[in-house]
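**Q**
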Amino acid sequence: MTARVPRWLLALTGAVYLFLHLPVIVLMIFSFNDSRFSVDWRGFTLQWYERLLQRSDILHGLKMSLIVGLTATAISVVLGTLIALALARHRLRGKRAAEGLIYLPLVTPEIVVGISLLILFATLDWPLGVATITIAHVVFCISFVVIVLLARLEGMDGSLEEAAMILGADEITAFRRITLPQLRPGILAGALLAFTISFDDFVITSFVSGPGSSTLPVVVYGMVRRTVEPSINAISTIILLVSALLIYFADRSMRPVPRRASNR
Amino acid sequence: MTAPAAGPPVVELIHISKRFGHVVAVDDLSLEIQSREFFSLLGPSGCGKTTTLRLLAGFETPDNGEIRLLGEPANQKRPYQRGVGMVFQNYALFPHLTVARNVSFGLEQQKIPRPVADDRVRRALQLVRLDPKLFADRLPGQLSGGQRQRVALARALVLQPAILLLDEPLGAIDLQLRKEMQLELKALNQHLGTTFVYVTHDQEEALTMSDRIAVMNHGKVAQLGTPVEIYENPRTTFVARFIGESNLLEGSAHRRQGNNWSVVLPDHGQEIQVPHHSSIHAGALVRVVVRPEWMQLLPPGELAPGLNTVTGSVRETLYAGPAVHVVVELPGSKSVSVAVHREGQLAKPIRWERGDPTLIAWHPQDSRVVTED
Amino acid sequence: MPSLTRRMRTWIPRSPEQRGWALLAPGGVWLLAFFLVPLLIMLAYSLMPRGIYGGVVPGLTFEHYARFFDPVYLTVVQRTFMWSLGCTLFCLLLGYPVAYAIAHAGSRWRNRLLLLVILPLWTSFLVRTFALIFLMRDTGLINTWLMKAGIIDEPLVILYTPVAVMAGLVYGFLPFMILPIYASLERLDRSLLEAAEMLGASPRARFIRVTLPLSLPGIMAGCVLVFIPALGSFLTPDLLGGAKQLMIGNLVQNQFTAARNWPFGAAASFIVMALVLAAVLVYLGTRDRREVALR
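Protein chains in written order, with my numbering: chain A, 304 to 567; chain B, 43 to 415; chain C, 70 to 364.
Below you can see the structure in the form of structure tokens.
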């Protein structure tokens with residue numbers, strides 16, 4: 304197969320992969336560089352990471368990100384799971400409209416979501432803070448949870464729940480004993496993805512966060528605009544590694560379970 | 043074919059209708075199924091047979107009409123309150139539970155004590171001829187199609203339901219095993235005294251197993267009766283075509299002589315005799331169905347007193363094992379298939395060749411007058 | 070648990086349709102209240118006169134939309150549109166060959182290569198943009214190395230130029246182009262190419278007459294997936310473009326912070342939304358027509 308791909312194409316592909324990944328790799332390497340201003344390599348150090356621990360704004364931002372991320376993930380996993388069940392297992396008039404409402408946040412530019420929520424909260428006179436950030440994050444997290452779970456439910460036999468019910472289990476028991484055990488990997492993947500995008504979000508958060516509620520990305524944005532110190536490289540490296548790790552686990556969890564011997 | 047036991051029906055559908063959007067799946071359907079009966083719902087896909095079964099199970103609620111199970115109104119009952127069993131088309135075994143846990147699932151819902159439940163699981167597996175020692179701890183993924191089928195059956199039967207619903211349970215099994223399972227299902231029905239409601243699109247299966255068959259089309263019952271009645275006396279062209287092979291002849295009623303009408307076939311002016319039927323009056327269009335094996339082929343010019351005869355020419359012969367199907371073209375391009383058995387039927391070793399003139403003969407009483415759907 | 074279960078059982082609606090809506094309701098209400106309603110309020114804001122302290126006062130006016138015909142703002146809208154289009158084009162030129170190479174890679178490599186395309190989509194866009202700044206600024210890696218190598222004496226001005234913004238846009242959205250094209254190439258039935266070869270088509274003809282037309286759905290999807298987020302770009306022009314390279318996203322943000330002209334910002338935001346919806350509808354329209362044609 305590989306032989307049929309011309310050489311220039313392989314070179315171009317390699318260049319594109321470098322373009323996509325080299326900047327981040329360089330950024331990470333220089334988070335260990337023992338020099339404040341220069342981009343010359345002056346030796347290995349962990350001082351920029353140590354310095355992060357002394358910065359109260361970063362630690363507070365991390366705390367906010369974790370609070371918002373975990374809350375938004377919990378809410379969106381519950382709501383998203385219910386929505387996915389409704390769409391996958393029930394005939395609904397107006398299903399198309401419901402689907403539109405669920406997928407629209409995915410194509411709507413973040414800036415539009417952000418300012419429309421800002422206007423809403425201003426109209427309602429709600430103070431901006433952790434609560435408003437969490438509300439906003441749930442909006443875009445739900446869609447991801449629904450997509451992941453719908454894929455999982457499509458691969459699952461719908462008559463299993465019916466079989467449980469005809470054997471005497473009510474809806475809740477059927478869900479608990481039959482649907483939930485099989486949905487669990489999908490729920491885990493959805494939760495990991497939801498947490499990742501919540502943890503990484505900057506644009507929407509920046510509009511709906513108030514004083515004292517800045518999440519980690521909002522703090523980092525401020526640093527990027529003001530200074531050039533290598534602490535930014537350090538915190539960037541941490542953020543990147545956290546997301547990459549979460550995505551790795553989400554990907555593993557989403558893989559379909561290898562089918563056992565089947566004679567059908 | 044045991045006669046259905048007399049007594050109150052265990053399943054009653056009274057003027058049931060069910061629509062999905064603009065599609066009418068079940069259309070003003072009324073049925074009664076007797077206790078211990080093996081009752082089949084037979085029809086092509088989309089005829090409403092599966093919807094009917096799902097209405098009985100409680101997975102769908104009827105738009106109109108009433109469902110009664112064991113004499114009690116069931117419209118308001120959820121599936122888990124109906125006390126019916128079901129075997130699903132694709133088995134629907136819980137993939138994360140072992141065979142034993144699949145079978146005991148219903149017993150657990152009834153809070154049956156563990157030792158009693160274990161014993162019933164064992165007996166249910168034995169009933170469907172699965173060795174509990176060998177299979178109890180396997181997962182459904184480790185079973186063959188036939189074994190899964192048996193587990194699904196055991197899972198439903200362990201609760202000893204009065205009514206067992208089966209949704210094309212043999213559809214995914216290969217032919218040899220299917221024949222074997224047909225016999226076993228029939229035996230279980232007689233042995234356990236459970237009422238079986240069996241959905242299938244396979245007419246042969248329905249004829250072999252059922253006490254009674256409801257042939258369905260467009261959400262209605264096209265004909266209800268024993269397999270013999272359905273096959274021997276199809277009432278409509280649809281039933282005649284759907285069940286077995288049939289030749290359809292159309293003509294106009296000429297005049298009545300005693301209990302028979304003479305009917306003129308329009309294309310070639312030949313006249314046949316058919317028994318009286320309420321739909322026939324002079325000049326009416328008459329549809330007549332004759333099964334291929336009820337017809338004989340005679341050499342042209344031979345006399346066949348008392349029989350209907352039509353002349354034609356042989357178009358082709360199709361070898362089909364026990365019988366040879368000879369396709370005969372009648373004047374006017376209509377053709378008729380005649381099943382010639384190796385023995386009997388004049389016992390003449392006539393070899394029919396393409397283009398041979400021939401005479402088709404059958405008894406007037408074997409002409410079945412049918413109505414259009 | 071059982072008693073709770075039994076109590077909950079009574080809440081379960083009878084009809085399947087009602088059960089479906091009951092499941093849909095909590096999340097649906099959330100999205101209505103915190104997504105759709107805010108969009109409508111935003112639309113209302115954009116049609117109301119501006120208040121003294123940045124808010125709005127009751128009334129109906131189209132003045133905020135009329136302001137876009139002011140050359141200053143018209144330039145921004147045009148720039149946003151042209152850059153999004155340009156970004157889409159660059160992504161297509163770079164992304165198609167890459168998708169093709171992945172689709173033709175051995176199965177062992179394919180998943181890893183794909184993961185490397187997906188990974189950037191799931192890592193912080195802000196951090197990735199900062200990584201570009203780190204490379205492109207005057208004292209950045211590129212300039213330092215070029216000067217060390219003696220190729221240039223003065224640092225090249227890369228950051229805060231259109232080049233930087235365009236590079237940032239392509240860098241950010243390229244995976245959205247690669248993935249759908251890859252998907253359509255991977256689905257492509259190899260026997261079609263063999264059939265074309267049997268019929269005497271050259272490699273070039275096979276690509277142009279078979280592969281390319283059949284990957285068109287992927288190309289369309291990729292273009293829409295790049296074009297839409299490019300239209301709404303905020304971070305890239307903000308961090309890489311400086312004050313001179315505004316796109317609508319920056320204009321919107323500006324109205325809600327420094328300028329405190331919320332209704333005008335809402336109008337700008339609504340224009341972005343309208344452009345996005347138009348792109349989605351055009352895409353869905355062509356897709357439906359293709360599906361009809363293939364039936």
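Idealized CB from N, CA, C, for every residue including glycine. Given the structure is predicted, the values throughout are model-derived calculations rather than measurements.
Are there 16 or more other CB atoms within 10 angstroms of the CB of C:Asp357, so buried, or fewer, so exposed?
**A** To locate residue 357 of chain C, count along the third sequence from 1; it is residue 288. That one is exposed.
**Q** Measure the beta-carbon distance from B:Leu185 to B:Ala198 and round it to whole angstroms, keeping in mind my assumption that it falls under 8 Å.
**A** Counting from 1 along the second sequence, the entry for residue 185 of chain B is found at position 143. Counting from 1 along the second sequence, the entry for residue 198 of chain B is found at position 156. Actually they are not in contact, since the Cβ atoms of B:Leu185 and B:Ala198 sit about 16 Å apart, beyond 8 Å.
**Q** Quick check: what's the CA-CA separation for C:Leu207 versus C:Arg259?
**A** Reading the third sequence from its first residue, position 138 is the one you call residue 207 of chain C. Reading the third sequence from its first residue, position 190 is the one you call residue 259 of chain C. Position check: residue 207 of chain C holds Asp in this sequence, whereas Leu was assumed. Each residue's Cα considered, the two are about 49 Å apart.
**Q** Between which residues of its own chain and A:Ala466 is the CB-CB distance below 7 Å, once the five residues before and five after are set aside?
**A** As a first step, residue 466 of chain A must be located in the first sequence, where it is residue number 163. Counting only Cβ-Cβ distances below 7 Å, and skipping sequence neighbours, we find nothing.
**Q** Applying the criterion that 16 or more other CB atoms from any shown protein chain within 10 Å of the CB defines a buried residue, is C:Met267 buried or exposed?
**A** Counted from its first residue, the third sequence places residue 267 of chain C at position 198. Classification of C:Met267: exposed, given that the 10 Å Cβ count is below 16.
**Q** How long is the line joining the alpha carbons of C:Ser338 and C:Ile297, rounded to whole angstroms?
**A** As a first step, residue 338 of chain C is located in the third sequence; it is residue number 269 there, counting from the start. As a first step, residue 297 of chain C is located in the third sequence; it is residue number 228 there, counting from the start. Each residue's Cα considered, the two are about 14 Å apart.
**Q** Residues of chain A with a CB under 7 Å from the CB of B:Val368: which are they?
**A** The residue labelled residue 368 of chain B in the question sits at position 326 within the second sequence. Here the premise fails: no neighbours, minimum Cβ distance about 40 Å.
**Q** With DSSP collapsed to three states, give me the class of C:Tyr352.
**A** Start at 1 with the first residue of the third sequence, and residue 352 of chain C comes out as number 283. C:Tyr352 falls in the helix class under three-state DSSP.
**Q** With a 10 Å radius around its C-beta and 16 neighbouring C-beta atoms as the bar for buried, classify B:Gly85 as buried or exposed.
**A** For the purposes of this step, residue 85 of chain B is taken as residue 43 along the second sequence, with counting starting at 1. Classification of B:Gly85: buried, given that the 10 Å Cβ count is 16 or more.
**Q** Just to confirm my understanding: we take B:Val356, look at its own chain, exclude 5 residues before and 5 after, and list those with CB closer than 7 Å. What are they?
**A** Locating residue 356 of chain B in the second sequence gives position 314, counting from the first residue. Same-chain partners within the cutoff: Val368, Val370, Trp394, Glu395, Arg396, Gly397, Asp398, Thr400.
**Q** Taking the beta carbon of C:Asp222 as the centre, do at least 16 other beta carbons fall within 10 Å, making it buried, or is it exposed?
**A** Within the third sequence, numbered from 1, the residue matching residue 222 of chain C stands at position 153. Classification of C:Asp222: exposed, given that the 10 Å Cβ count is below 16.
**Q** Which residues of chain B have a Cβ atom closer than 7 Å to the Cβ of A:Asp460, listed in chain order?
**A** As a position in the first sequence, residue 460 of chain A is number 157, starting the count at 1. Those are Asn132, Ala134, listed as they occur along chain B.
**Q** Check whether the stretch 394-401 of chain A and the stretch 467-481 of chain A touch, using three or more Cβ-Cβ pairs below 8 Å as the test.
**A** Contact between the stretch 394-401 of chain A and the stretch 467-481 of chain A is absent, because fewer than three Cβ pairs lie under 8 Å.
**Q** Hey, is A:Ala466's beta-carbon within less than 8 Å of any beta-carbon in chain B?
**A** Walking along the first sequence from the start, residue 466 of chain A turns up at place 163. True, the Cβ-Cβ gap to chain B drops below 8 Å.
**Q** Hey, could you find the ends of the alpha helix (DSSP H) A:Trp351 is sitting in?
**A** Translated into positions along the first sequence, residue 351 of chain A becomes position 48. 350-357 is the extent of the alpha helix (DSSP H) around A:Trp351.
**Q** Taking 8 Å as the threshold (C-beta atoms), are A:Met367 and A:Thr540 in contact?
**A** Taking the first sequence and counting its residues from 1, one reaches residue 540 of chain A at position 237. Taking the first sequence and counting its residues from 1, one reaches residue 367 of chain A at position 64. Going by C-beta atoms, A:Thr540 is not nearer than 8 Å to A:Met367.
**Q** Is A:Leu456 close to chain B? Criterion is C-beta to C-beta, closer than 8 Å.
**A** For the purposes of this step, residue 456 of chain A is taken as the residue at position 153 of the first sequence. No, A:Leu456 does not count as interfacial toward chain B.
**Q** Within a Cβ cutoff of 6 Å, which residues of the same chain sit near C:Leu344, ignoring the five residues on either side of it in sequence?
**A** The residue given as residue 344 of chain C occupies position 275 in the third sequence. If we look at C:Leu344 and ignore the five residues flanking it on each side, its Cβ neighbours are Leu300.
**Q** Can you check the stretch 291-367 of chain B for any beta strand (DSSP E) of at least 3 residues that lies completely inside it and give the ranges in chain order?
**A** List check, beta strand (DSSP E) in window: 302-306, 313-317, 327-332, 338-340, 350-362.
**Q** Using a 10 Å radius around the Cβ and a threshold of 16 neighbouring Cβ atoms, would you call A:Arg567 buried or exposed?
**A** Here residue 567 of chain A corresponds to residue number 264 of the first sequence, with the count starting at 1. Residue confidence is low: A:Arg567 scores 32 on pLDDT, short of 50, so the model does not pin down where it sits. Its coordinate-derived value is still stated next. Classification of A:Arg567: exposed, given that the 10 Å Cβ count is below 16.
**Q** Tell whether a beta-carbon distance below 8 Å holds between B:Ala295 and B:Gly325.
**A** Residue mapping note: residue 295 of chain B aligns to position 253 of the second sequence, counting from 1. Residue mapping note: residue 325 of chain B aligns to position 283 of the second sequence, counting from 1. Yes, Cβ-Cβ distance for B:Ala295 and B:Gly325 is below 8 Å.
**Q** Suppose only complete runs of 4+ residues qualify. What are the alpha helix (DSSP H) ranges in the stretch 454-482 of chain A, listed by chain order?
**A** The stretch 454-482 of chain A contains these whole alpha helix (DSSP H) runs: 462-469, 474-477.
**Q** Verify the CB distance criterion: does A:His440 have a CB-CB separation below 8 Å to chain C?
**A** For this step, residue 440 of chain A is matched to residue 137 along the first sequence. Chain C, which has no Cβ nearer than 8 Å to the Cβ of A:His440, makes this no.
**Q** Quick one: Cα of B:Phe238 to Cα of B:Leu139, how far?
**A** Here residue 238 of chain B refers to the residue found at position 196 when the second sequence is read from its first residue. Here residue 139 of chain B refers to the residue found at position 97 when the second sequence is read from its first residue. Cα-Cα distance, rounded: 27 Å.
**Q** Could you work out which residues of chain C lie near A:Arg394, taking near to mean beta carbons separated by less than 8 Å?
**A** Start at 1 with the first residue of the first sequence, and residue 394 of chain A comes out as number 91. Here the neighbours are Pro85, Glu86, Gly89.
**Q** Who are the near neighbours of B:Pro104 in its chain, counting only those whose CB is closer than 6 Å to its CB and skipping five residues on each side?
**A** By one-based count along the second sequence, residue 104 of chain B stands at place 62. Ile58, Lys60, Leu97, listed in sequence order.
**Q** Compute the distance between the beta-carbons of C:Met235 and C:Trp152, then report whether it is under 8 Å.
**A** Along the third sequence, read from residue 1 onward, the residue named residue 235 of chain C stands at position 166. Along the third sequence, read from residue 1 onward, the residue named residue 152 of chain C stands at position 83. Yes, they are a contact pair.
**Q** Relative to the alpha-carbon of B:Gln191, which residue among B:Ile154, B:Arg297, B:Ala134 has its alpha-carbon at the smallest distance?
**A** Numbered from 1 along the second sequence, position 149 holds the residue referred to as residue 191 of chain B. Of B:Ile154, B:Arg297, B:Ala134, the residue nearest in Cα terms is B:Ala134.
**Q** Return the residue from the list B:Cys89, B:Gln202, B:Phe101 that minimises the CA-CA distance to B:Ala159.
**A** In the second sequence, counting from the first residue as 1, residue 159 of chain B sits at position 117. Comparing Cα-Cα distances from B:Ala159 to each of B:Cys89, B:Gln202, B:Phe101, the minimum goes to B:Gln202.
**Q** Tell me, please, whether the CB atom of A:Leu491 is closer than 8 Å to any CB atom in chain B?
**A** Working through the first sequence from its first residue, we reach residue 491 of chain A at position 188. Not one chain B Cβ lies under 8 Å of A:Leu491.
**Q** For B:Gln49, which residues in the same chain have their Cβ closer than 8 Å to its Cβ, ignoring the five residues on either side in sequence?
**A** The residue you call residue 49 of chain B lines up with position 7 of the second sequence. The sequence shown places Gly at residue 49 of chain B, not Gln. Taken in chain order, the residues that qualify are Gln76, Ser77.
**Q** Pick helix, strand or coil for C:Pro127, following the three-state DSSP scheme.
**A** By one-based count along the third sequence, residue 127 of chain C stands at place 58. Residue state, collapsed to three classes: coil.
**Q** CA-CA distance, A:Val448 and C:Cys292?
**A** By 1-based counting over the first sequence, the position of residue 448 of chain A is 145. By 1-based counting over the third sequence, the position of residue 292 of chain C is 223. C-alpha separation (whole angstroms): 25 Å.
**Q** Which class does C:Ser271 belong to by DSSP, given the choice of helix, strand or coil?
**A** Sequence index remark: in the third sequence, residue 271 of chain C carries index 202 (1-based). Three-state DSSP puts C:Ser271 in coil, outside helix and strand.
**Q** Is there a C-beta anywhere in chain A that falls below 8 Å from the one on C:Trp34?
**A** With chain C covering only 70 through 364, there is no way to say anything about residue 34 of chain C.
**Q** Is there a C-beta anywhere in chain C that falls below 8 Å from the one on A:Val402?
**A** In the first sequence, the residue the question calls residue 402 of chain A occupies position 99. Note on identity: in this sequence residue 402 of chain A is Glu, with Val being the wrong assignment. With 8 Å as the cut-off, A:Glu402 does not count as an interface residue toward chain C.
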